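Participant:
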Amino acid sequence: MIISSCSDSSPYELMLTALSLIPITHYVIGVLLVSLVIIYNFLEFHIVEDLLSGFRGQRVDLTFNSCSQLYHQVASKCTLLHGRYMSTPWLSSPHLQTTFLRFFGRPPVFNYRREILSTGDGGIVALDWLARHDVVENEDMGNDEVHQDANTPVVIVIPGLTSDSDSVYIKHLTFYMAKRGWNVVVSNHRGLGGVPLTSDFFYNGGWTEDLRKVVLHIRSQSPDVPLFVVGTSLGANMMVKYLGEDGEDILIDGAAAVCCPWDLLLCDRFIGRNAVQRFYDKALGAGLKRYAKKHQDFFTRLSDWDGIEKARRVREFDTSGTCRVGKFDTADIYYRESSCVGYVGRVKVPLLCVSALDDPVCTKEALIWDECRVNENIILATTQHGGHLGYFDGMDAKGVWWVRVVDEFLTVLGSSKLIKRQNMMPNSLLFEPKKSITEKDPYLGFVKKTDNLIDLSSLPKTAKIFVEAQGSETHSRMESIIFFLKRFMDQF
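Heads up: the sequence shown is residues 0 to 491, going by numbering that gives the first Met the number 0.
#1: Quick check on I123: does DSSP put it in helix, strand or coil?
#2: Among residues of its own chain, excluding the 5 on either side of G271, which ones have a beta-carbon nearer than 8 Å to its beta-carbon?
#3: So, using beta-carbon positions, are G320 and S337 closer together than 8 Å?
#4: In whole angstroms, what is the alpha-carbon distance linking D127 and V353?
#5: Indicate whether K212 and Y342 have their beta-carbon atoms separated by less than 8 Å.
#6: Smallest Cα separation from L191: which of S221, A125, G234 and C259?
#7: Have a look at E12 and G104 and give me their C-alpha separation to the nearest angstrom.
#8: Taking 6 Å as the limit between beta carbons, can you name the residues of its chain near V360, skipping five residues before and five after?
#9: Tell me whether W206 sits in a helix, a strand or coil according to DSSP, three-state version.
#10: Among Q72, F54 and A365, which one has its Cα closest to the Cα of E375?
#11: Per DSSP, what are the beta-bridge partners of N498 in this structure?
#12: As a quick exercise: from G243, L35 and D209, pick the residue whose alpha carbon is nearest that of P349.
#13: Of all the beta strand (DSSP E) runs that stay within the bounds of the segment 47-85, which reach a length of 3 or more residues?
#14: Which value, in whole angstroms, describes the spacing of the CA atoms of I217 and R112?
#15: In whole angstroms, what separates the C-alpha of V134 from that of G180?
#16: Kindly indicate which residue of G253, N182 and L264 has the alpha-carbon position closest to the one of T362.
#17: Note down the Cα distance separating V183 from C258, rounded to an integer number of angstroms.
#18: Using the C-alpha atoms, what's the distance from M14 back to A355?
#19: Here's the rule I'm using: 16 or more other beta-carbon atoms within 10 Å means buried, otherwise exposed. How should P93 be labelled?
#20: Just to confirm, are F391 and V399 a CB contact at a threshold of 8 Å?
#21: With a cut-off of 8 Å, do at least 3 Cβ pairs link the segment 148-167 to the segment 74-93?
#22: Can you give me the Cβ contacts of L129 inside the same chain, cut-off strictly under 6 Å, excluding the 5 residues immediately before and after it?
#23: Smallest Cα separation from E43: which of V275, M394 and L32?
#24: Determine the direct distance from the alpha carbon of V373 to that of V402, and round the result to whole angstroms.
#25: Could you check what DSSP says for V399 in three-state terms: helix, strand or coil?
#26: Who pairs with E12 in a beta bridge, going by DSSP?
#27: Reducing DSSP to helix, strand and coil, say where I377 ends up.
#28: Going by other Cβ atoms of all chains shown within 10 Å of its Cβ, with 16 needed for buried, is S475 buried or exposed?
This is the structure in structure tokens:
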């Protein structure tokens with residue numbers, strides 16, 4: 000009878016009967032395990048990989064030309080480049096690294112000293128300086144001078160998209176390098192760092208003129224000291240493009256590019272590829288919209304403001320804002336023309352590039368593997384993990400690995416025979432920069448920077464009237480007077 004009953008039953012009924020005999024707790028455990036596997040893969044955790052490696056991390060991979068003097072004289076002496084990178088165990092995901100940097104990065108506390116510099120087209124940028132005596136207690140060397148030691152190297156820092164000198168990773172970099180003895184200056188992009196947009200243009204990913212003016216200004220003040228540039232994220236793209244554009248005529252001695260996108264078109268495709276990447280896309284787009292709202296009068300007049308308000312992605316903002324102001328026909332044209340990948344072969348100064356293969360913003364598909372094997376002036380250091388500018392290490396996540404790598408590389412480079420800028424300075428830069436027609440250098444002045452805001456109304460009336468940047472082409476006296484009067488009338 001029992002056999003007959005079983006044979007008459009549906010196999011699905013038998014399966015349901017068997018499943019009903021399994022304790023509910025087993026189902027809960029099974030669901031939790033499946034959920035953990037999904038989350039583990041979705042957020043790209045690598046804690047199991049770290050565990051299997053004994054929490055020793057993975058080796059840094061170096062790509063370079065075998066004949067490179069930069070490698071034999073500099074990179075080969077950098078212990079961090081020949082070591083391992085082990086991320087903080089409880090941040091064993093590129094997304095946790097990147098998010099922690101943004102919201103819980105534990106930046107050091109200090110005050111910059113600000114210098115306002117004209118760009119020559121009516122625009123201004125804020126230069127925020129930090130030296131050793133600004134971050135080391137009981138070391139007072141005066142508040143009015145930037146270059147207290149004529150032999151101290153200067154490092155220019157170029158922030159990423161919508162970042163400025165108050166960004167967490169910028170503060171980690173500037174504080175560490177200043178404490179190590181460098182003179183560090185952050186070149187804030189136009190409209191960032193608490194300064195207004197004063198011309199009909201704002202920065203974009205391929206805009207190098209402001210960096211060129213900043214380098215020329217600083218080189219004219221310190222013609223004999225080593226001068227380096229560190230670019231981060233989109234700022235690295237701008238920096239590498241600048242290095243390639245100027246080639247042999249470059250006025251700096253070395254550079255470092257951290258988490259550079261290289262090919263903006265590829266990164267645009269990558270950042271919209273899946274749900275996680277689209278999250279970053281929306282976050283970056285929201286940052287651009289906040290930037291636009293700070294300068295709404297500017298964008299309302301020169302761009303498609305309705306399109307900017309509706310934008311949810313970086314591409315949508317670039318289509319309505321960046322392309323309109325920068326005179327690009329389409330976003331794709333803007334990305335192609337602004338990408339630095341086409342300029343890598345023309346770089347003539349030592350350049351260290353640091354990138355993580357799990358960077359959730361800048362895809363590894365854009366990395367310049369072949370270009371580095373050809374150009375003897377470039378070293379590419381890649382790590383398996385690190386996220387986008389995160390690179391936290393240690394159990395307490397207080398250290399940022401790439402900051403120490405850049406510092407070590409520039410330190411070794413500064414003492415190497417590859418530095419030869421001192422004997423190549425143009426004669427025009429060896430003279431004292433000419434004074435403005437107001438005899439007060441109205442666009443140059445130091446203020447104590449405590450909250451990254453600057454009130455231009457507190458400056459003298461003439462301080463709102465900007466003339467050509469130092470080192471730019473000399474105008475005739477009549478042209479200068481006309482330009483001055485035009486800028487003066489614009490104040491009313």
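Quick reminder that beta carbons are idealized off the backbone N, C-alpha and C, glycines included.
Small disclaimer: the values here were computed from a predicted structure and weren't measured.
Facilitator: So, to answer that:
#1: Sequence index remark: in the sequence shown, residue 123 carries index 124 (1-based). Reduced to three states, the DSSP call for I123 is strand.
#2: Indexing the sequence shown from 1 puts residue 271 at position 272. Only R277, D280, R312 and R314 meet the Cβ criterion.
#3: Mapped onto the sequence shown, residue 320 falls at position 321. Mapped onto the sequence shown, residue 337 falls at position 338. No; because the gap between Cβ atoms is not below 8 Å, this pair is not in contact.
#4: Residue 127 sits at position 128 when you count from the first residue of the sequence shown. Residue 353 sits at position 354 when you count from the first residue of the sequence shown. Near 24 Å, if we compare the C-alpha coordinates of V353 and D127.
#5: By 1-based counting over the sequence shown, the position of residue 212 is 213. By 1-based counting over the sequence shown, the position of residue 342 is 343. Result no, Cβ atoms of K212 and Y342 do not sit closer than 8 Å.
#6: The residue labelled residue 191 in the question sits at position 192 within the sequence shown. That would be A125, whose Cα lies nearest to the Cα of L191.
#7: Here the question's residue 12 lines up with position 13 in the sequence shown. Here the question's residue 104 lines up with position 105 in the sequence shown. Their Cα atoms are separated by approximately 56 Å.
#8: Counting from 1 along the sequence shown, the entry for residue 360 is found at position 361. Answer for V360: Y279 and H387, listed in chain order.
#9: Working through the sequence shown from its first residue, we reach residue 206 at position 207. Note: W206 maps to coil in three-state DSSP.
#10: Counted from its first residue, the sequence shown places residue 375 at position 376. For the residues Q72, F54 and A365, the minimum Cα distance to E375 belongs to Q72.
#11: In this structure the chain extends from 0 to 491, so residue 498 is not present and cannot be described.
#12: Position 350 of the sequence shown holds residue 349. The shortest Cα separation from P349 among G243, L35 and D209 belongs to G243.
#13: 60-62
#14: Here residue 217 corresponds to residue number 218 of the sequence shown, with the count starting at 1. Here residue 112 corresponds to residue number 113 of the sequence shown, with the count starting at 1. C-alpha separation (whole angstroms): 15 Å.
#15: The residue labelled residue 134 in the question sits at position 135 within the sequence shown. The residue labelled residue 180 in the question sits at position 181 within the sequence shown. Cα to Cα, the separation comes out at about 10 Å.
#16: On the sequence shown, residue 362 is found 363 positions in, with the first residue counted as 1. Of G253, N182 and L264, the residue nearest in Cα terms is L264.
#17: If you number the sequence shown from 1, residue 183 lands on position 184. If you number the sequence shown from 1, residue 258 lands on position 259. One C-alpha to the other measures close to 20 Å.
#18: Translated into the one-based positions of the sequence shown, residue 355 becomes position 356. Translated into the one-based positions of the sequence shown, residue 14 becomes position 15. Their backbone Cα atoms lie some 49 Å apart in a straight line.
#19: Translated into positions along the sequence shown, residue 93 becomes position 94. By the neighbour-count rule (16 or more Cβ atoms within 10 Å), P93 is buried.
#20: The residue you call residue 391 lines up with position 392 of the sequence shown. The residue you call residue 399 lines up with position 400 of the sequence shown. Yes. Within cutoff.
#21: no
#22: The count along the sequence shown starts at 1 and reaches residue 129 at position 130. Contacts found: Y111, T173, A177 and V183.
#23: Locating residue 43 in the sequence shown gives position 44, where the first residue counts as 1. If we check each option's Cα against that of E43, V275 comes out closest.
#24: Residue mapping note: residue 402 aligns to position 403 of the sequence shown, counting from 1. Residue mapping note: residue 373 aligns to position 374 of the sequence shown, counting from 1. Near 26 Å, if we compare the C-alpha coordinates of V373 and V402.
#25: Translated into positions along the sequence shown, residue 399 becomes position 400. If DSSP states are grouped into helix, strand and coil, V399 belongs with the strands.
#26: Along the sequence shown, read from residue 1 onward, the residue named residue 12 stands at position 13. For E12, which the question treats as bridged, DSSP gives no partner whatsoever.
#27: To locate residue 377, count along the sequence shown from 1; it is residue 378. Strand at I377.
#28: Stepping through the sequence shown from its first residue, residue 475 is reached at position 476. Confidence at S475 is low in this model, with a pLDDT of 40, below 50, so its placement is unreliable and no value can be given for it.
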